[in-house]
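Novice:
In the numbering used here, the protein residues as written are 2 to 313.
#1: At what residues does the alpha helix (DSSP H) containing residue 121 begin and finish?
#2: Give the single residue among 161, 33, 60 whose Cα lies nearest to the Cα of residue 288.
#3: Any idea which residues DSSP pairs residue 247 with across the strands?
#4: Name the one or two DSSP bridge partners that residue 169 has.
#5: In this structure, how does DSSP classify residue 112 when only helix, strand and coil are distinguished?
#6: Tell me whether residue 204 sits in a helix, a strand or coil according to DSSP, three-state version.
#7: Check the C-beta distance from residue 90 over to residue 120 and give it rounded, since I have them as a contact under 8 Å.
#8: Could you have a look at residue 189 and say whether DSSP puts it in helix, strand or coil?
#9: When you compare each of 35, 210, 269 to residue 71 by their alpha carbons, which one comes out closest?
#10: Residue 113: buried (16+ other C-beta within 10 angstroms of its C-beta) or exposed?
#11: Are there three or more Cβ pairs, one per stretch, closer than 8 Å when the segment 219-237 is compared with the segment 180-199?
#12: Suppose you measure from the CA of residue 66 to the CA of residue 155; what does that come to, to the nearest Å?
#13: Taking the straight line between their C-alpha atoms, what separation do you get for residue 249 and residue 191?
#14: Could you tell me if residue 96 is buried or exposed, where buried requires 16 or more neighbouring beta carbons within 10 angstroms of its beta carbon?
#15: For residue 94, collect the residues of the same chain with a Cβ closer than 6 Å to its Cβ; drop the 5 residues on either side in sequence, then sort them by chain order.
#16: What whole-angstrom Cβ distance do residue 217 and residue 168 have, given they're in contact under 8 Å?
#17: For the segment 137-147 and the segment 204-218, state whether three or more C-beta atom pairs, one from each stretch, are separated by less than 8 Å.
#18: Give the DSSP-derived three-state secondary structure of residue 47 in the structure shown.
#19: Excluding the 5 residues preceding and the 5 following residue 48 in the sequence, name in chain order all residues of the same chain whose CB lies nearer than 7 Å to its CB.
#20: Starting from residue 88, trace the alpha helix (DSSP H) both ways and give me its first and last residue.
#21: Would you kindly work out how many angstroms separate the C-alpha atoms of residue 136 and residue 270, rounded to a whole number?
#22: Is DSSP giving residue 209 helix, strand or coil here?
#23: Assuming contact is defined by CB atoms lying nearer than 7 Å, are residue 42 and residue 74 in contact in what I supplied?
#24: According to DSSP, simplified to helix, strand and coil, what is residue 176?
#25: Below 8 Å on the Cβ atoms is my contact criterion, and I expect residue 161 with residue 103 to pass it. Report the Cβ-Cβ distance as a whole number of Å.
#26: Which residue from 210, 158, 30, 45 puts its Cα closest to that of residue 283?
#27: According to DSSP, which residues form a beta bridge with residue 101?
#28: Does the separation of the CB atoms of residue 280 and residue 305 fall below 7 Å?
#29: Excluding the 5 residues flanking residue 201 on each side, which residues of the same chain have their C-beta closer than 6 Å to its C-beta?
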């Protein structure tokens, strides 16, 4: 009998190569069981929106969640794309209180970019993996309704144009899509509650919209992709990331946060105080950060959880 040692070595190599893959799948098993059938709202933003490799990895992650038995809902803004389009139209980008000043002319561009460019690209990326994604805006089926938002600056309420403050959420269209096995992709534009003209809409902060939708849907998790590793312990003196904190702990930190992190962390706070089990801020610059956060023991980023009973 002739023994083919070469074939034995190949077989052994294949086994050793496959073993780490099996271990990864086994590690994911309890998380798959825990999240099966649960809704996950993901706010898509930051570098993940403009880097081709990150966009492709994001689409793969969302489709993986879908096929793993979760119900992902994607909410997106489009800051860089909006700024570029406004510049092409000769409209100056201006920000007050961390929000984009949105004139009537600027709102037309915002609406065009979010619903006609960013959303279509994301839907197409997801649909490369099957007939899954369906795009809608907050205008559709009264999904998001808002009234005019006037931020307070130096003690005075300031008019920043067609920027909305969410007043109500109707989840009917999104729930129907989820029940049909689809992945809703929602642009952060809201119908107006206080204008008689049905053409009037509001530009809504996408972090805020994602948090409001997560709460209204009774989501298991809100995930916010950003361009930092998470919430830092003592920025800029330290780059140590806070891995976990409660709603009350976060509330105490809010006044100290940078303007860019405030709407994200306020959204996380709103979510966990309104029925969402966890809210997470994760680094969208890391490929497959969504899967790393949900399906591994280590996780990445910062997780916010509700207060324990009696804690405040």
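All residues carry an ideal CB built from backbone N, CA and C; glycine is no exception. Small disclaimer: the values here were computed from a predicted structure and weren't measured.
Specialist: According to the structure shown:
#1: The residue you call residue 121 lines up with position 120 of the chain shown. Residue 121 -> alpha helix (DSSP H) spans 120-128.
#2: Translated into positions along the chain shown, residue 288 becomes position 287. For residue 288, the closest alpha carbon among the candidates 161, 33, 60 is that of 60.
#3: Start at 1 with the first residue of the chain shown, and residue 247 comes out as number 246. 306.
#4: The residue given as residue 169 occupies position 168 in the chain shown. 146.
#5: Here residue 112 refers to the residue found at position 111 of the chain shown. The answer is helix: DSSP assigns residue 112 an H, G or I state.
#6: Here residue 204 corresponds to residue number 203 of the chain shown, with the count starting at 1. Looking at residue 204 - three-state DSSP - the assignment turns out to be strand.
#7: The residue given as residue 90 occupies position 89 in the chain shown. The residue given as residue 120 occupies position 119 in the chain shown. Not quite, the Cβ-Cβ distance comes to about 19 Å (not below 8 Å), so this is no contact.
#8: Your numbering for residue 189 matches position 188 in the chain shown. Here residue 189 sits in strand by DSSP.
#9: Looking up residue 71 in the chain shown gives position 70. Ranked by Cα distance from residue 71, the options 35, 210, 269 are led by 35.
#10: For the purposes of this step, residue 113 is taken as residue 112 along the chain shown, with counting starting at 1. Flag for residue 113 reads exposed.
#11: No, the segment 219-237 is not in contact with the segment 180-199.
#12: Locating residue 66 in the chain shown gives position 65, counting from the first residue. Locating residue 155 in the chain shown gives position 154, counting from the first residue. About 44 Å.
#13: Here the question's residue 249 lines up with position 248 in the chain shown. Here the question's residue 191 lines up with position 190 in the chain shown. For residue 249 and residue 191, the distance between alpha carbons rounds to 30 Å.
#14: Position 95 of the chain shown holds residue 96. Exposed, because fewer than 16 other Cβ atoms sit within 10 Å of the Cβ of residue 96.
#15: What you label residue 94 is simply residue 93 of the chain shown in a count that begins at 1. Here the set comprises 84, 87.
#16: Working through the chain shown from its first residue, we reach residue 217 at position 216. Working through the chain shown from its first residue, we reach residue 168 at position 167. Between residue 217 and residue 168 a beta carbon distance of about 12 Å is seen, past the 8 Å cut, so the two are scored as non-contacting.
#17: yes
#18: The residue you call residue 47 lines up with position 46 of the chain shown. Helix, per DSSP.
#19: For the purposes of this step, residue 48 is identified with residue 47 of the chain shown, where counting begins at 1. Excluding residues within five positions, the ones whose Cβ falls inside 7 Å are 55, 228, 285, 286.
#20: Residue mapping note: residue 88 aligns to position 87 of the chain shown, counting from 1. Annotation: the continuous alpha helix (DSSP H) that includes residue 88 extends over 80-89.
#21: Position 135 of the chain shown, counted from the first residue, corresponds to residue 136. Position 269 of the chain shown, counted from the first residue, corresponds to residue 270. Going by the C-alpha atoms only, they are around 27 Å apart.
#22: Against the chain shown, residue 209 aligns to sequence position 208. Correct three-state label for residue 209: helix.
#23: Along the chain shown, read from residue 1 onward, the residue named residue 42 stands at position 41. Along the chain shown, read from residue 1 onward, the residue named residue 74 stands at position 73. Yes.
#24: Walking along the chain shown from the start, residue 176 turns up at place 175. Correct three-state label for residue 176: helix.
#25: Mapped onto the chain shown, residue 161 falls at position 160. Mapped onto the chain shown, residue 103 falls at position 102. The Cβ separation is near 7 Å, so the contact holds.
#26: Reading the chain shown from its first residue, position 282 is the one you call residue 283. Here the closest residue by C-alpha is 45.
#27: Taking the chain shown and counting its residues from 1, one reaches residue 101 at position 100. The partner list for residue 101 (beta bridge, DSSP) reads 96.
#28: Along the chain shown, one-based indexing puts residue 280 at 279. Along the chain shown, one-based indexing puts residue 305 at 304. Yes, the Cβ-Cβ distance between residue 280 and residue 305 is below 7 Å.
#29: Residue numbering aside, residue 201 sits at position 200 when the chain shown is read from its first letter. 193, listed in sequence order.
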